[in-house]
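Chains as they are written, first to last, in full-length UniProt numbering: chain A, 1 to 371; chain B, 1 to 397.
See below for the structure under consideration.
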Amino acid sequence: MSEPTDLRTDLQYSEVEQELRGNVRALLAARAPQAATLARTESEQPVDTALWRALADELGVTGLAVPEKWGGAGAGWRETAVVLEELGRAAAPVPYLGSAVLATAALLAAEDTELLPLVASGEVVAALAVPFAAAPRSPFPSAVQLRSDGLLHGTVHLVADARTATTLLVPALDQDGTPGLYAVRDFTAAPVVSLDMTRPLADLTLAGAAGRRIASGEAAVAALDTALAIGAALLASEQLGVAEWALETTTAYVKQRHQFGRPVGSFQAVKHRLADLWVSVAQLRAVARSAAGAAAAGSPDLPVAAALAQAFASQVTVVAAEEAVQLHGGTGFTWEHPAHLYLKRAKSASIALGTADRHRAALAQLVDLTL
Amino acid sequence: MSTPEVTESSLRAAVRELLAEHDPVRTPVAEFLGARYDAGLAWIHFPEGLGGRAAPRSLQQAVNDEFAAAGAPTLDPGRHGIGLGMAAPTLLAFGDAEIHRRFLRPLWTGEEVWCQLFSEPGAGSDLAALGTRAVHDGDSWVVDGQKVWTSLAHEAQWAILVTRSDPSVPKHRGMTYFVCDMTAPGVEVRPLRQATGEAEFNEVFLTGVRIPDSRRLGEVGDGWRVAQTTLMNERVAIGGSAVPREGGLIGTVARTWRERPELRTPGLQDSLLRLWVDAEAARLTGERLRQQLAAGQPGPEGSAAKLAFARLNQQISGLELELLGGEGLVYDDWTFRRPSHPSMEGGTPGYRYLRAKGNSIEGGTSEILRNIIAERVLGLPQEIRVDKDVAWKDLPR
Chain A
1 MSEPTDLRTD LQYSEVEQEL RGNVRALLAA RAPQAATLAR TESEQPVDTA LWRALADELG
61 VTGLAVPEKW GGAGAGWRET AVVLEELGRA AAPVPYLGSA VLATAALLAA EDTELLPLVA
121 SGEVVAALAV PFAAAPRSPF PSAVQLRSDG LLHGTVHLVA DARTATTLLV PALDQDGTPG
181 LYAVRDFTAA PVVSLDMTRP LADLTLAGAA GRRIASGEAA VAALDTALAI GAALLASEQL
241 GVAEWALETT TAYVKQRHQF GRPVGSFQAV KHRLADLWVS VAQLRAVARS AAGAAAAGSP
301 DLPVAAALAQ AFASQVTVVA AEEAVQLHGG TGFTWEHPAH LYLKRAKSAS IALGTADRHR
361 AALAQLVDLT L
Chain B
1 MSTPEVTESS LRAAVRELLA EHDPVRTPVA EFLGARYDAG LAWIHFPEGL GGRAAPRSLQ
61 QAVNDEFAAA GAPTLDPGRH GIGLGMAAPT LLAFGDAEIH RRFLRPLWTG EEVWCQLFSE
121 PGAGSDLAAL GTRAVHDGDS WVVDGQKVWT SLAHEAQWAI LVTRSDPSVP KHRGMTYFVC
181 DMTAPGVEVR PLRQATGEAE FNEVFLTGVR IPDSRRLGEV GDGWRVAQTT LMNERVAIGG
241 SAVPREGGLI GTVARTWRER PELRTPGLQD SLLRLWVDAE AARLTGERLR QQLAAGQPGP
301 EGSAAKLAFA RLNQQISGLE LELLGGEGLV YDDWTFRRPS HPSMEGGTPG YRYLRAKGNS
361 IEGGTSEILR NIIAERVLGL PQEIRVDKDV AWKDLPR
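Here it is in structure tokens:
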């Protein structure tokens, strides 16, 4: 049977969260306009390190989830989720999900006080060295091994936010097959031509790299799984931002685009699709808030909330981005219009941290609906 | 004289005081609810003397929680939902002191049941096209016409009624709104049988029904505006409380799945999991809406919730029959019945499947709800209206 949820989870946004949202939105509007983001995708620096510095130094949002005693802002995952909503709305090319969420969650679980202050301040960009498609509750990865030379060897494919990372958190097995989580600075990241141009992936190679073990055995397994669950839960907020952009931009477009002597948004065939989308996005907001709340509270319901969030968000956000392309007509299919950036982000995010189907399979176990 | 400020703690204290004087379990329901009304602890945002204490609506939840914790009785929303949710706010907003005094208390205590005489055979989604005529005659009005799709007409003492009082002006003008006595001469209620086999609804024929002018709500010709108040309150739940996970129909199907391994197939599992996800998303959305309402910020999510509920209920009830396989081929009873306490989730799987088909039609079709969301929430342009400036009597029908 499924565990009853905490019915008191606050699904609203607090005043502080709304203020935070306003600050992030203003910064992104000024520093990461869509035309610049699009141009950047074909440049030598697809990741916007200056924007990352601004998020870290000017807004101090890279360490929201980290307690003050470990150099963070002492807020939590709910506030982090609000930042992700805004980053999703802007399709901002910064390693926030990788460093401020996935790596930070792993470091918090491992209570690694050495790296936490550096990652919280944004000084160090860290990446969790797992394939971006890895789902929570997967078997512990064996792609990297600690060999008899005491060094780490292996390759990890398709890792998110690793191109600008200077530190990796690497799950690896030692010679006895004992899991461990290692902080590694000596690695190569080979760029991969990625479907999501605003979150380019990399293949990582560790060719005899020294690693500092930050968790071992069950603790390493738990730290990795918690990080993936929190990542899955919070990714839904980024997806919500993508879906909101798609809905708002498309709604504005069909109001002003005229064909047959009337706005195309006055045709029911268009209106009803956008109404359905609005309903889905409103639902996604509740689901994403619930997931962020479960992460923030360290709730035992987090595995369910995270699986639900990904099973739902992946579906809604892809539809939202696809509707944006379709309802913009010819212009929505051009390179010049930003809709494709969101389509690519939406489709990639639907695979990231587990597809909807994998999360439904996880739910089957978690809420006892097995075959 | 200034009234002391109403706070959550003062309200909770008032509830406990009332509970101390009236045993919530042993007192007859109407008597207990009457005491609650007289203490101003019914709908607390109503004025003093009318079941409230002019308190912020956001504090209602605390009052409801306090009563619920003591096991105090509440009315069945299937039987009293129209009265509590639709008639009461309209009576309060547009009735005079005499209307308030006569109707609000017995409505709250459940002693009088209300129904809604709005839809007509020729005016469903286009409610403003309605043609039931009201002709002014001395101190009263004479009403002739036919209403349809009327739940509880056979149980109700009173109805809220919208009529056509002036056919010579465009449809949205020329309507007048009344309280109608369902026991008055000329009111004839005939059961309208649904696909389920039962007659949850009725047709109501009004033939020369006399309604005193004192039972008019709002100005003559202003009935559309009054009806908007009614309809806007339709989907605002009275004292809604949090629904647990698997609290709805999905829970019933999930239990069947768990208890009957022999029914399981991979395809059905996939369908069930998809619907479980959708149901949980809808539940959380409802919970978010409830929190917003409690915080005094009603949002347009009400229309969304109704749209989502209809689709979900139809899908889940359809899956339930498939899951049951051969057992899904039978139906419990086609005998003509008239339920006095309609319930959408009760009955058998076959009944639920058929009853759910009404969900996307009653209380605004899903198509009309999409128009409402598109136009009022998203601000998309209205449909081109060909009937806007045409006198009602000249409309094609």
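Where a beta carbon is used, it is the ideal one built from N, C-alpha and C, also for glycine.
- Around the C-beta of R147/A, fewer than 16 other C-beta atoms lie within 10 Å, and the residue is accordingly described as exposed.
- Under DSSP, Q116/B shares a beta bridge with I160/B.
- Where N359/B is concerned, there is no enclosing alpha helix (DSSP H), because DSSP gives it neither an H nor an E.
- K69/A sits exposed, since fewer than 16 C-beta atoms from the chains shown fall within 10 Å of its C-beta.
- Taking a contact to require three or more Cβ pairs closer than 8 Å, the region 120-130 of chain A and the region 166-185 of chain A qualify as touching.
- Interface with chain A (9 Å Cβ-Cβ cutoff): P266/B is included.
- At least one CB of chain B lies nearer than 9 Å to the CB of W278/A.
- Under the Cβ criterion (8 Å, minimum of three pairs), the region 288-299 of chain A does not count as touching the region 315-323 of chain A.
- Legend: CB atoms of the region 248-266 of chain A lying less than 8 Å from CB atoms of chain B belong to residues T251, V254, K255, R262, P263, G265, S266.
- At a cut-off of 9 Å, the C-beta of V61/A has no neighbouring C-beta in chain B.
- Burial state of K388/B is exposed, judged by a 10 Å Cβ sphere holding fewer than 16 other Cβ atoms.
- Boundaries of the alpha helix (DSSP H) harbouring S237/A: 218-256, taken from the DSSP string.
- A straight line joining the alpha-carbon of A282/B with that of A308/B spans about 7 Å.
- Neighbours of K271/A in chain B, taken as residues whose beta carbon is under 9 Å from its own, are R370, N371, I373, A374, E375, L378, L380, P381, E383 in chain order.
- Contact annotation: T9/A and A313/A have beta-carbon atoms that are not nearer than 9 Å.
- Around the beta carbon of S303/B, a 10 Å sphere encloses 16 or more other beta carbons of the protein chains shown; the residue is thus reported as buried.
- Per DSSP, E327/B lies in no beta strand (DSSP E) and is assigned neither H nor E.
- Distance from the CA of R137/A to the CA of D225/A, rounded to the nearest whole angstrom, comes to 6 Å.
- Listed by position along chain B, the residues whose Cβ is nearer than 7 Å to that of S290/A are L284.
- As DSSP reads the structure, S140/B sits in a beta bridge with D137/B, P212/B.
- Taking a beta-carbon distance threshold of 9 Å, V15/B does not count as an interface residue toward chain A.
- Taking the CA atoms as reference points, G40/B sits about 25 Å from V226/B.
- Judged by DSSP in its simplified three-state form, Y13/A adopts coil rather than helix or strand.
- Of A305/B, I372/B, R255/B, the smallest CA-CA separation from T370/A is found for R255/B.
- Looking at the DSSP output, H153/A bridges to Q145/A, A207/A.
- Closest in alpha carbon position to A183/A, among P191/A, V170/A, A189/A, D176/A, is V170/A.
- Each of R290/B, L11/B, V162/B was checked against the Cα of V220/B, and the nearest Cα belongs to V162/B.
- With fewer than 16 neighbouring CB atoms inside 10 Å of its own CB, P185/B falls in the exposed class.
- Take E383/B, set aside five residues on each side of it, and no residue of its chain has a beta-carbon closer than 6 Å to its own.
- Sequence-ordered contacts of the region 96-125 of chain A with chain B are nonexistent [C-beta pairs closer than 7 Å].
- One finds L273, W276, V277 in chain B with Cβ atoms closer than 8 Å to the Cβ of L363/A, taken in chain order.
- Interface residue (Cβ-Cβ distance to chain B less than 9 Å): V83/A is not classified as such.
- DSSP places V377/B in the helix class (H, G or I) of the three-state scheme.
- A305/B and L293/B do not touch by the CB rule: their CB atoms are close to 11 Å apart, not below 8 Å.
- The region 73-86 of chain B makes contact with the region 148-160 of chain B: 3 or more CB pairs, one atom from each, lie closer than 8 Å.
- Between V130/A and A172/A, the CB-CB gap reaches or exceeds 9 Å.
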